[in-house]
Each structure stands twice: as structure tokens, then as C-alpha cells.
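Colleague: Chains B and Z, in that order, are what the protein sequence lines are.
Each residue of the first sequence is one higher than the last, beginning at 3 in this note's numbering.
Each residue of the second sequence is one higher than the last, beginning at 247 in this note's numbering.
Beta carbons: idealized from backbone N, C-alpha and C, even for Gly.
All values derive from a computational prediction rather than experimental measurement.
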Amino acid sequence: MKRLILWLPLAVFGAFLLTVAFGLGGGKDETIRSQMVGKPVPAFTLPPALEGRPTVQSADYAKGSPRILNIFASWCVPCIAEAPRLMELKRRGIPVDAIAIRDRPEDIAAFLQRWGDPFEGIGSDAASRVQFAFGSSGVPETFVIDGKGVIRHQHIGEIREEHLPEIIAAYEAAK
Amino acid sequence: MAVFLALLPAPLLAQSALPPSEYADRQLADPAKEAEAKALMETLRCLVCQGQSIADSDADMAGDMRALVRQRIEAGERPEDIRAWLIERYGKWVSYAPPVEPATWPLWAAPILLLGAGAWLARGRFRRRRR
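Structure, rendered in C-alpha cells:
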């Protein structure tokens, strides 16, 4: 018994080393998934981001057909990278709305003019409120919302070419 | 195109041109409410900087979260309800205050176990000395 106790500190130290070694080697996943996937869209209204353009609000969902909601900002560089993919979605007849985070109308207009404008409604979320309500933790993020207004899919980060099939599949599955 | 994007100084551009939200950096008028808000902000994780609480972080998003916390406290909401609202959206990870539940039992039990082990070892020592 006493012999065993003498070895105990070494065993504890060994366990500590193993924990650290695995913790360091495992690679870190820093994405924060929204817990709202599978739940109804949170109730929200937003002012239009651009004059003369429709905005986006929770009442636009649950109208029978799925829609895609892109959370972006004109100051966000990866949002430029995904712009052609959103245009591709539009080309395929998939309705895409947007929420602009902490943005100014003139910047949004310039961004859309330069990188393409795939959006139907654009709401302005100047204090990130609706972003928080969606459980979104950055820009860009993309949500697929089904015809009953339930969030079906979240894509975190820019949509690259290889992500398109997944998003289109989620859209088709939400029909 | 991709090369051009990679060369851009992304962190410099990853900033909103809008000024901080009201109450992001302004205290509430009622000191008691501000203290409640501050205590809550110190236990909420910043979503973009992750190692910091929103009270510590300079990120725009952390400022918006501070504004959200202050305005909700001002409106009479309880801090634990605001925490629950955020956990419902971001998972338990967003809160720095660990709840007592099966997954965290080892965390809560460890100090008690270690104290117990220490007491047991010390007891052996004292006994030996008395002899």
C-alpha cells in the first residue's frame, strides 16, 4: 500500500502530461455552431439597409418555400470571396436575403456594385442584435431556412466552390 | 483573385466603420444595475476573441454584446435570464461560469477530493510525529 502511494504523484504527473500532449496535438476547433439550427427563426424586424430596397424580417419566412439568409458586411474581406457563390445561388433561382452587420448604406451600395448583388431583401443590423438572436458569431455566415420558418442549416465562414453542393442540398432538403 | 485577397491586410479591413453601440463603453446611470451588468459581462465569452470576456475585449462584436447586456439589465431583465438567452443561441461555451451538471462534476469534485487527500496525508504525518 505504502509503495503504491509513493508512486501516486508520478502517476498524477503522467496523467497530466498525457492530457497536455493530447490537448496540444488534437488541433483546435474554434467554430461556434449556432444552437438555433432546428429551431424557428427568432422574431425580428430590421430597417432596410438601402433606400428603396426591401428589408428582411422574420415574417418573410414560413411562407411555404425555403430561403437563404446571408449575414455579411461591406467591411468583411471573406464576404468578397464568397460573392460569386451567392451570385451562383441566385442564378439557380434560389432566393437569397441578407443582413448587413454594423454597416453604412453607402458602403453596402458600393460593395454590391463592385462584387455583385444577389440579394432580394437586405436588412441593416447596426448593433448586431439580430446576429446574436440567430446565434451567429461572425461574418460571413449563411443560414438555410425552410418553408415553415425553421432554420435548417448554418454555414460558417465564406462559401467556397466546394461548399456549394452542401448548401444547395440543404436548400433542396428544406423544400 | 484568391492571391489578391490573400495579400490584403485582412485584420486592418475587418473593422466596422460604425461607431461603438450606445452602452458598449458607457456605464448605466444606476450604479447597482451597472454592477450587475459588469459582473455578467465578466463571465460571458467574446465570440470572436474567444480567450477573453466581453468586458475585456475591444472587438466590435464584444462591444455590441456589452450594449445588449446593459440595455437588457436597464430594462429590468435578470442577469441569469440574459445568460440563458445567450446559451440558448451559442451553447454553454459562451458562459464562463460552469453549471453544476454531470459533465462538470469532476470539475466541482476535484477540489474536495484533493483537500480530502491532503487531509488524509497530513493526518498520517501528524500521527507519526506524535510517536
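(1) Can you tell me whether Z/Tyr342 is buried or exposed, with buried defined as 16 or more other CB within 10 angstroms of its CB?
(2) Would Z/Ala305 pass as an interface residue toward chain B - the criterion being a Cβ-Cβ separation below 8 Å?
(3) Measure from the alpha carbon of B/Gln59 to the alpha carbon of each residue in B/Leu114, B/Glu163, B/Ser138, B/Gly123, then state which is nearest.
(4) Could you work out which residue in B/Phe121, B/Ile96, B/Asp127, B/Ile158 is closest to B/Glu174 when comparing CA atoms only?
(5) Does any residue of chain B have a CB that is nearer than 8 Å to the CB of Z/Asp310?
(6) For B/Ala75, which residues in chain Z fall below 8 Å Cβ to Cβ?
(7) For B/Val39 and Z/Asp327, what's the separation of their Cα atoms in angstroms?
(8) Please list the terminal residues of the continuous alpha helix (DSSP H) segment that includes B/Gly125.
(9) Whose C-alpha, out of B/Leu91, B/Gly25, B/Trp117, is nearest the C-alpha of B/Cys78?
(10) If contacts are defined as beta-carbon pairs under 8 Å, then Z/Leu274 and Z/Glu320 qualify, I think. What distance do you get, rounded to the angstrom?
(11) When you compare the CB of B/Gly137 with every CB in chain Z, is at least one pair closer than 8 Å?
(12) Against B/Gln37, what residues of chain Z qualify as contacts under a CB-to-CB distance less than 7 Å, listed in chain order?
(13) Is B/Glu32 close to chain Z, meaning its C-beta is less than 8 Å from at least one C-beta of that chain?
(14) What in chain B is Cβ-close to Z/Val294, meaning under 9 Å?
(15) Residues in its own chain within less than 7 Å of Z/Met311 by CB, not counting five upstream and five downstream?
(16) Looking at Z/Ala313 and B/Ala129, is the spacing between their C-beta atoms short of 8 Å?
(17) With burial defined as no fewer than 16 other Cβ atoms inside 10 Å of the residue's Cβ, what is the status of B/Glu163: buried or exposed?
(18) Taking the alpha carbon of Z/Ala263 as the point to measure from, which residue in B/His157, B/Ile147, B/Ile110, B/Gly140 has its own alpha carbon closest?
(19) So with CB distances below 7 Å, who are the chain Z contacts of B/Ala128?
(20) The alpha helix (DSSP H) with B/Val22 in it runs from where to where?
(21) May I ask you to check if the CB of B/Ala135 is nearer than 7 Å to at least one heavy atom of the ligand HEM?
(22) Checking contacts by CB at 8 Å: is B/Phe18 closer than that to chain Z?
Modeller: By the coordinates alone:
(1) Here residue 342 of chain Z is taken as the residue at index 96 of the second sequence, counted from 1. So Z/Tyr342 counts as exposed.
(2) Translated into the one-based positions of the second sequence, residue 305 of chain Z becomes position 59. It does not; no Cβ of chain B falls within 8 Å.
(3) Here residue 59 of chain B is taken as the residue at index 57 of the first sequence, counted from 1. The residue with the shortest Cα to Cα distance from B/Gln59 is B/Gly123.
(4) Position 172 of the first sequence, counted from the start, is the residue given in the question as residue 174 of chain B. B/Glu174 has its Cα closest to that of B/Ile96, out of B/Phe121, B/Ile96, B/Asp127, B/Ile158.
(5) Against the second sequence, residue 310 of chain Z aligns to sequence position 64. Yes, Z/Asp310 counts as interfacial toward chain B.
(6) As a position in the first sequence, residue 75 of chain B is number 73, starting the count at 1. By Cβ distance, chain Z contributes Ser262.
(7) For the purposes of this step, residue 39 of chain B is identified with residue 37 of the first sequence, where counting begins at 1. For the purposes of this step, residue 327 of chain Z is identified with residue 81 of the second sequence, where counting begins at 1. If I take the Cα positions, the gap works out to 21 Å.
(8) Indexing the first sequence from 1 puts residue 125 of chain B at position 123. No alpha helix (DSSP H) contains B/Gly125, which is instead part of the beta strand (DSSP E) from 124 to 127.
(9) Counted from its first residue, the first sequence places residue 78 of chain B at position 76. If we check each option's Cα against that of B/Cys78, B/Trp117 comes out closest.
(10) Position 28 of the second sequence, counted from the first residue, corresponds to residue 274 of chain Z. Position 74 of the second sequence, counted from the first residue, corresponds to residue 320 of chain Z. In this structure Z/Leu274 touches Z/Glu320 by the C-beta definition: roughly 6 Å separates them, less than 8 Å.
(11) Position 135 of the first sequence, counted from the first residue, corresponds to residue 137 of chain B. Answer yes: the Cβ-Cβ gap between B/Gly137 and chain Z drops below 8 Å somewhere.
(12) Taking the first sequence and counting its residues from 1, the one referred to as residue 37 of chain B is at position 35. Under the 7 Å cutoff, chain Z gives Glu334, Arg335, Tyr336, Gly337.
(13) In the first sequence, the residue the question calls residue 32 of chain B occupies position 30. Between B/Glu32 and chain Z, the shortest Cβ-Cβ separation is below 8 Å.
(14) Locating residue 294 of chain Z in the second sequence gives position 48, where the first residue counts as 1. Within 9 Å Cβ-Cβ: Ser139, Gly140.
(15) Here residue 311 of chain Z refers to the residue found at position 65 when the second sequence is read from its first residue. Cβ within range, chain order: Leu290, Ile300.
(16) One-based indexing of the first sequence puts residue 129 of chain B at position 127. One-based indexing of the second sequence puts residue 313 of chain Z at position 67. At a Cβ-Cβ threshold of 8 Å, B/Ala129 and Z/Ala313 count as neighbours.
(17) As a position in the first sequence, residue 163 of chain B is number 161, starting the count at 1. Around the beta carbon of B/Glu163, fewer than 16 other beta carbons sit within 10 angstroms, so the residue counts as exposed.
(18) Against the second sequence, residue 263 of chain Z aligns to sequence position 17. Of the candidates B/His157, B/Ile147, B/Ile110, B/Gly140, the one whose C-alpha sits nearest the C-alpha of Z/Ala263 is B/Ile110.
(19) For the purposes of this step, residue 128 of chain B is taken as residue 126 along the first sequence, with counting starting at 1. In chain order: Leu264.
(20) In the first sequence, residue 22 of chain B corresponds to position 20, counting from 1. Where B/Val22 is concerned, the enclosing alpha helix (DSSP H) stretches over 4 to 27.
(21) By its list of ligands, the structure shown contains no ligand whatsoever, and the ligand HEM lies outside what it can speak to.
(22) What you label residue 18 of chain B is simply residue 16 of the first sequence in a count that begins at 1. Cβ-Cβ to chain Z under 8 Å: no for B/Phe18.
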